[in-house]
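Line order of the protein sequences matches chains A and B. Under this note's numbering, the first residue of the first sequence carries the number 1, and numbering increases by one thereafter. Under this note's numbering, the first residue of the second sequence carries the number 113, and numbering increases by one thereafter.
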Amino acid sequence: NAGVTQTPKFRILKIGQSMTLQCTQDMNHNYMYWYRQDPGMGLKLIYYSVGAGITDKGEVPNGYNVSRSTTEDFPLRLELAAPSQTSVYFCASSYASPNEQFFGPGTRLTVL
Amino acid sequence: GQQLNQSPQSMFIQEGEDVSMNCTSSSIFNTWLWYKQDPGEGPVLLIALYKAGELTSNGRLTAQFGITRKDSFLNISASIPSDVGIYFCAGQLYNSGGGADGLTFGKGTHLIIQP
């Protein structure tokens, strides 16, 4: 099992550009999550999904969108990138909730 | 949203020493998790706690879920160089539907070990 994989590892965007952060898990987990981590801080929840076709907002959803068309994939979309979205983004998954969440390696995004 | 206060922010210790860190919250949590994060990596789960009062060990690591459900601690015994990293506590609440939402994280404890 590869676990949770994320692409790309690094990305630099200009203000106003858009991009999609990819996340895939091969553990057949129902629950998937997107977090962002700012320097010196813990992770904050952006969006989560309890299964294909179902998504919900977390603590900091503004400026982001998600979709969940399959169990395996949970992409995060930034439509109009802003400097405040410079951060490291982590995707996670769990079989159930509450339950242990397994994290991907992260995507480091810089918006200039 | 909920806030977790994690302390200390950083620890400088000698190899072989024991380490203790804790998390407190003004809110009650149903689950407490402890993660370790190495530079450039995602957090890796160390210990999961599901019941108030629960004490769980994983090798040299021991964690407890506080009786009030508002706190948890993590102890590391006989520290070794590979214990260096950032340790995060995370709490999880049950929602009205009986499931649970995402995790609320503390700001982390940065552990530095001097050989």
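We put the CB at the ideal spot given by N, CA and C, even for glycine.
Beta-bridge analysis with DSSP links Met19 (chain A) to A:Leu78. Tyr33 (chain A) belongs to the set of residues whose beta carbon lies under 9 Å from a beta carbon in chain B. Contact annotation: Asp26 (chain A) and Glu72 (chain A) have beta-carbon atoms nearer than 9 Å. Of the other Cβ atoms in all chains shown, fewer than 16 fall within 10 Å of the Cβ of Thr180 (chain B); this residue is therefore exposed. Ser67 (chain A) and Leu215 (chain B) have their C-alpha atoms roughly 20 Å apart.
Under the three-state reduction of DSSP, Ser137 (chain B) is assigned to strand. Proximity of Gly178 (chain B) to chain A, defined by a Cβ-Cβ separation below 9 Å, is not satisfied.
With distances taken between CA atoms, Asn28 (chain A) lies nearest to A:Ser93 out of A:Tyr64, A:Leu112 and A:Ser93. Note on the segment 158–189 of chain B: whole beta strand (DSSP E) runs with a minimum of 3 residues are 167–170, 173–177 and 183–188, in chain order.
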